[in-house]
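>
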Amino acid sequence: MALNPGSRARFNLKNASIMLVEHGSLGMDILVQIMVGFGAKTLHKCETADEARVTICRTEMDLIIVDALLGDDNGYELVEWMRREAPEPNKFAPMLMLSAHTQASKIARARDCGAHFIIAKPLTPVVLLERILWVAKEQRRFVATDSYIGPDRRFKFEGPPAGTTGRRKDDLPESVGEAKAPNMSQDEIDALMAPRKVTL
Amino acid sequence: MSNKSVTFITPQYKIAEKLQQPGGKTVAQAVTDAQHGLEGLADACLGAVDEALTDIDRAYKALPDDFDLAALTDLYDSANGLIGIATVAGLMEMDRAAYSLCDLIDRMMAMGRPDKEPIAVHVQALHLLRSPAALIRGGGKVEEVVQGLVRVARKYRQPEPAKPDATA
Numbered sequence: 036m037a038l039n040p041g042s043r044a045r046f047n048l049k050n051a052s053i054m055l056v057e058h059g060s061l062g063m064d065i066l067v068q069i070m071v072g073f074g075a076k077t078l079h080k081c082e083t084a085d086e087a088r089v090t091i092c093r094t095e096m097d098l099i100i101v102d103a104l105l106g107d108d109n110g111y112e113l114v115e116w117m118r119r120e121a122p123e124p125n126k127f128a129p130m131l132m133l134s135a136h137t138q139a140s141k142i143a144r145a146r147d148c149g150a151h152f153i154i155a156k157p158l159t160p161v162v163l164l165e166r167i168l169w170v171a172k173e174q175r176r177f178v179a180t181d182s183y184i185g186p187d188r189r190f191k192f193e194g195p196p197a198g199t200t201g202r203r204k205d206d207l208p209e210s211v212g213e214a215k216a217p218n219m220s221q222d223e224i225d226a227l228m229a230p231r232k233v234t235l
Numbered sequence: 268m269s270n271k272s273v274t275f276i277t278p279q280y281k282i283a284e285k286l287q288q289p290g291g292k293t294v295a296q297a298v299t300d301a302q303h304g305l306e307g308l309a310d311a312c313l314g315a316v317d318e319a320l321t322d323i324d325r326a327y328k329a330l331p332d333d334f335d336l337a338a339l340t341d342l343y344d345s346a347n348g349l350i351g352i353a354t355v356a357g358l359m360e361m362d363r364a365a366y367s368l369c370d371l372i373d374r375m376m377a378m379g380r381p382d383k384e385p386i387a388v389h390v391q392a393l394h395l396l397r398s399p400a401a402l403i404r405g406g407g408k409v410e411e412v413v414q415g416l417v418r419v420a421r422k423y424r425q426p427e428p429a430k431p432d433a434t435a
């Protein structure tokens with residue numbers, strides 16, 4: 036996932052509508068400077084959860100960035116509210132949560148609030164950009180149950196832990212049995228990787 | 268297996284379409300421009316760092332010897348507010364020290380086991396790291412201060428020694 040900060044790959048945030056929810060004025064300035072540096076032009080700044088609720092019911096957003104600490108409010112509660120109560124399509128908008136230190140007792144809450152990513156402070160431009168580009172590229176589907184609405188939290192496909200059977204319908208059994216055909220030769224494997232000219 | 272009903276939804280990610288529109292910036296240019304923007308905030312962040320340090324000092328001095336959740340929470344909030352600001356001010360190690368302090372206090376709150384000594388070490392370290400040039404001139408090393416905090420926090424995680432039996 037690591038983004039090369041010297042990459043010449045292009046992206047365009049000029050027409051994206053982005054909501055920033057950050058309590059402290061300096062924290063907001065930091066976020067704004069980073070997003071302006073990225074080329075974003077349409078930034079909706081909200082200092083409280085109430086402001087954010089009003090804004091999200093009024094304007095369609097392409098990206099939402101929320102700080103976990105919102106003074107007397109709670110960033111996790113805000114994201115949970117947005118996933119359940121915000122009008123479509125905003126309820127499915129990509130949401131990134133920013134957090135300084137997360138208390139151990141709140142880690143599960145942070146994971147389950149419905150944000151796409153929790154990004155640890157101090158915020159660096161390359162990490163924030165990496166997460167924005169990743170969210171847009173992966174386009175994770177959403178899961179809605181009575182206890183959770185948000186992007187599918189299962190986005191690693193490494194199989195079930197060793198010694199356990201999987202719970203997903205498409206998980207392979209622990210023992211897949213003997214091979215039914217001879218193994219591929221190294222030449223056959225190399226041929227799969229070799230670039231080929233395509234005739235159109 | 269759970270019997271809860273689950274709905275899968277595949278929303279349209281408009282951000283993906285907009286990112287691919289012609290124009291825009293390269294990653295390299297965007298990161299450079301963002302960094303330049305942050306450099307303009309360095310002085311303001313330095314002022315905020317000093318305010319946060321004053322707040323941390325106040326909260327530390329108000330800590331009683333016995334367990335006080337409200338006092339610990341106040342100190343936790345003060346230290347947490349520093350994280351992210353110090354790096355923009357060019358004092359990245361202060362962020363690491365503030366994080367370590369928050370982690371320590373979080374454990375104290377969870378375990379109900381107060382100990383002012385490791386907190387004092389962290390608060391002193393924050394003051395040292397506020398002026399890294401002065402620390403280095405005095406023969407100190409910034410990274411050693413941070414590693415010292417790691418050792419202090421690790422020592423706190425060890426179980427409390429059993430108190431001798433008064434009836435023995």
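Protein chains in written order, with our numbering: chain A, 36 to 235; chain B, 268 to 435.
Idealized CB from N, CA, C, for every residue including glycine.
DSSP three-state label for I350 of chain B, please.
Three-state result, I350 of chain B: coil.
> Give the secondary structure of L308 of chain B by DSSP, where H, G and I count as helix, E and B as strand, and everything else as coil.
It is coil, neither helix nor strand.
> Just to confirm before moving on: does the CB-CB distance between D358 of chain B and V316 of chain B stay below 8 angstroms?
The question names Asp, but residue 358 of chain B is Leu in the sequence shown. For L358 of chain B and V316 of chain B, yes; Cβs fall inside 8 angstroms.
> Quick one: is P230 of chain A near chain B, going by C-beta distance under 8 angstroms?
No, its Cβ sits nowhere closer than 8 angstroms to a Cβ of chain B.
> What do you get for P196 of chain A, buried or exposed, if any count of 16 or more other CB atoms within 10 angstroms of its CB means buried?
Per the 10 Å Cβ criterion, exposed.
> For M268 of chain B, name the three-state secondary structure that DSSP assigns.
In this prediction, M268 of chain B has a pLDDT of 47, which is less than 50 and means its spatial position is unreliable; nothing more can be read from the coordinates.
> Once you ignore the five residues that flank R231 of chain A on each side, which residues in its own chain have a CB closer than 7 angstroms to its CB?
There are no such residues.
> How would you label I142 of chain A, buried or exposed, when you count the other beta carbons within 10 angstroms and need 16 or more for buried?
Exposed, because fewer than 16 other Cβ atoms sit within 10 Å of the Cβ of I142 of chain A.
> Mind checking whether L25 of chain A and I282 of chain B have CB atoms under 8 angstroms apart?
The structure shown does not extend to residue 25 of chain A, since chain A is modelled only from 36 through 235, so no value can be given for it.
> Quick check on DSSP: helix, strand or coil for N109 of chain A?
Three-state DSSP puts N109 of chain A in a strand.
> Could you say which of B:L305, B:S272, B:Q414 lies nearest to E360 of chain B if we only look at CA atoms?
Here the closest residue by C-alpha is B:Q414.
> Going straight from the alpha carbon of L105 of chain A to that of V412 of chain B, what length do you get?
Rounded to whole angstroms, L105 of chain A to V412 of chain B spans 31 angstroms at the Cα level.
> Quick one, which of B:M375, B:V298, B:D333, B:P289 has its alpha-carbon nearest T159 of chain A's?
The candidate whose alpha carbon is nearest that of T159 of chain A is B:V298.
> What residue range is occupied by the uninterrupted beta strand (DSSP E) comprising A401 of chain B?
Note, A401 of chain B: premise wrong, no beta strand (DSSP E); alpha helix (DSSP H) at 399-404.
> Taking the C-alpha atoms as reference points, what is the distance between Y183 of chain A and C148 of chain A?
Approximately 8 angstroms, taken between the alpha carbons.
> In the structure shown, what three-state DSSP assignment does L104 of chain A receive?
Three-state result, L104 of chain A: strand.
> So, helix, strand or coil for V178 of chain A, using DSSP?
Note: V178 of chain A maps to strand in three-state DSSP.
> Using DSSP with H/G/I as helix, E/B as strand and the rest coil, what is G74 of chain A?
Reduced to three states, the DSSP call for G74 of chain A is coil.
> Can you find a C-beta in chain B that's less than 8 angstroms from the C-beta of L55 of chain A?
By this cut-off, L55 of chain A is not an interface position.
> Going by C-alpha to C-alpha distance, which of A:T94, A:R119, A:E82, A:E120 sits closest to D107 of chain A?
The candidate whose alpha carbon is nearest that of D107 of chain A is A:E82.
> Could you check whether the Cβ of P278 of chain B sits closer than 8 angstroms to any Cβ belonging to chain A?
For P278 of chain B, the answer is yes, since a Cβ of chain A falls inside 8 angstroms of its Cβ.
> Hey, is T274 of chain B's beta-carbon within less than 8 angstroms of any beta-carbon in chain A?
Yes - at least one Cβ of chain A is within 8 angstroms of the one on T274 of chain B.
> Is G314 of chain B helix, strand or coil by DSSP?
It is helical.
> For T354 of chain B, which residues in chain A fall below 9 angstroms Cβ to Cβ?
Simply K156, P157, L158, T159.
> Out of A:I224, A:A37, A:V101, state which residue places its alpha-carbon closest to the alpha-carbon of A84 of chain A.
Here the closest residue by C-alpha is A:V101.
> Closest Cβ-Cβ distance between T180 of chain A and chain B: below 8 angstroms?
Taking Cβ atoms only, chain B reaches closer than 8 angstroms to T180 of chain A, which makes this a yes.
> Would you tell me roughly how many angstroms separate the C-alpha atoms of R424 of chain B and Q391 of chain B, rounded to the nearest one?
Taking the straight line from one Cα to the other gives about 20 angstroms.
> Does DSSP put F275 of chain B in a helix, in a strand, or in coil?
Strand, per DSSP.
> Looking at the structure shown, is F334 of chain B part of a helix, part of a strand, or coil, going by DSSP?
In the structure shown, F334 of chain B sits in coil (DSSP, three-state: anything other than H, G, I, E or B).
> Skipping 5 residues on each side, what residues in its chain have a beta carbon closer than 8 angstroms to that of D373 of chain B?
Taken in chain order, the residues that qualify are Y343.
> Spell out whether any CB of chain B is found under 8 angstroms from the CB atom of C88 of chain A.
As written in the sequence, residue 88 of chain A is Arg, which differs from the Cys given in the question. Not an interface residue.
> Around the C-beta of S367 of chain B, are 16 or more other C-beta atoms found within 10 angstroms, so that it is buried, or is it exposed?
That one is buried.
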